[in-house]
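Under the numbering used here, the first residue of the sequence shown carries the number 28, and numbering increases by one thereafter.
Beta carbons: idealized from backbone N, C-alpha and C, even for Gly.
These notes concern the structure reproduced below.
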Amino acid sequence: MIHDMVALVWLDPGDPFPPTRHALDDPDGLLCAGADLSVDTLRRAYSKGIFPWYSDDQPILWWTPSPRMVLQPGQFHTSRSLRKHLRKTDWHISVDQHFEEVVTHCANTPRAGQPGTWITDEMQEAYLDFHQAGYAHSIEVLEDGKLVGGLYGVCLGQVFFGESMFSHTDNASKTALWFLCALAGARFDIRLIDCQMQTSHLAMLGARPMPRNTFEQQLDELQRQPNHGEWAAPSQDLASWLRQYRLEP
C-alpha cells in the first residue's frame, strides 16, 4: 500500500490535517500518517474528504485519492437480475440495528486479491465509537433472521461516505446499496455517496470518478446542509419498505 521510502507528514493527536493538494500521486491520495482514530479526528478528517486506510503492521495512514469515485443516488444501476430479485425476495432490511456485526463481517469476509483486512481491530473499535456518536450507520440485509449482507459508512450533512460492504449470498450487498440509494432522499436525506476508490464493480453499479477539487467543493456545500433524515429502523421485509415509500425496484 505504501512505498518504504516515502516521506510523509507525521501527525500527533489533535494536529490539523495538511492541505489535500499535498497528497501523493503514487500511491494515489496518500496524504499523511499518525494522529489517532478518536471521534473528533475522524469527524475532522471526513469533513475534508480524508479517510484512514492501513494494515496492522503500519501506522495510521490518511488518504484522499483523485479522482474520487462517487455515486449520485439516482444514478444507481439496477440490473435486470437485481430488479427481478428485489421483486420476489423475502429478505428483511434493518438500519443501525446490527452495526458492530456488519463491521465485523466486512472485516472477516475474504476478498479476491486481499490476503488480509484493512479493517483492523483498532478500526472496528473506532467506527463503533463513531456510530455511538451518531456519525456512522449501517444497512443490514437479513434472511430468516440471519445477517447475510450489508454496508456501513459515515454521514456528514447530506453526504454518505461508504466504507465497506459484505455479502454472504448473491445480491445481498447490492441490495443494501440499492436500499440506501432508493431511500436516500425519502428517508436518509442523502444527496451524494462517496465510494472512495475507483473499481470496475462500483462503475457497474453507477459510480463515476470525480476530480478531487470538484468533490471537495460538493462536500463543503453538502456537509453544511442540515440532515433531517431518519436512520435507526427495525427489520421489516423489503415489500413493506417498498409500500411505505411507494417505490418500484
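*Just how far apart, CA to CA, sit Val130 and Asn198?*
18 Å
*Per DSSP, Phe193 is paired with what?*
Gly177
*Nearest neighbour of Lys173, chosen from Leu183, Trp118, Asp221, Pro276 [CA to CA]*: Trp118
*asked:* So, with DSSP's three-state summary, where would you put His49?
replied: helix
*Inter-residue Cα distance where the pair is Asp171 and Tyr73*: 36 Å
*Assuming Cys222 contacts Met96 (C-beta within less than 8 Å), just tell me the rounded distance between them.*
4 Å
*Tell me, to the nearest whole angstrom, how far the beta carbon of Val175 is from that of Ile120; I am working on the premise that it is less than 8 Å.*
With 8 Å as the limit, Val175 and Ile120 do not qualify as a contact, their Cβ atoms being about 11 Å apart.
*For Met237, which residues does DSSP report across the bridge?*
Arg95
*How close, in whole Å, do the beta carbons of Gly256 and Phe215 come, if the pair is a contact with beta carbons under 8 Å?*
4 Å
_Stretch-stretch touch, CB-based, cutoff 8 Å, three pairs: the segment 39 to 59 with the segment 181 to 190_ = Short answer: they don't touch.
_Neighbour-count burial assignment, Ala211, 16 or more Cβ in a 10 Å radius_ = buried
_Outcome for Met231 when other beta-carbon atoms lying within 10 angstroms are tallied against a minimum of 16_ = exposed
*So the alpha helix (DSSP H) Ser227 belongs to, where does it begin and stop?*
227 to 231 is the span of the alpha helix (DSSP H), which, as asked, contains Ser227.
*Quick one: grab the DSSP three-state call for Trp268.*
Here Trp268 sits in helix by DSSP.
*asked:* Output needed for Ser194: all residues of its chain with C-beta closer than 6 Å, excluding positions within five of it in sequence on either side, in chain order.
replied: Gly176, Ser200
*Simplified DSSP assignment, three categories, for Trp89*: strand
*Quick one, are the C-beta atoms of Ser165 and Phe126 less than 8 Å apart?*
Yes, Cβ-Cβ distance for Ser165 and Phe126 is below 8 Å.
_Three-way DSSP call (helix, strand, coil) for Glu170 in this model_ = strand
*What are the partner residues of Val129, as DSSP defines its beta bridges?*
DSSP lists no partner for Val129.
*Since Phe242 and Gly76 are thought to touch, with beta carbons under 8 Å apart, how far apart are those beta carbons, to the nearest angstrom?*
6 Å
*Which value, in whole angstroms, describes the spacing of the CA atoms of Pro43 and Gln225?*
Roughly 27 Å separates the two Cα atoms.
_Residue range of the beta strand (DSSP E) that includes Ala60_ = 57 to 61
*Return the Cβ separation of Ile146 and Ala134 in integer angstroms, given the expectation that the two are a contact with Cβ distance under 8 Å.*
4 Å
*Under three-state DSSP, which class holds Phe242?*
helix
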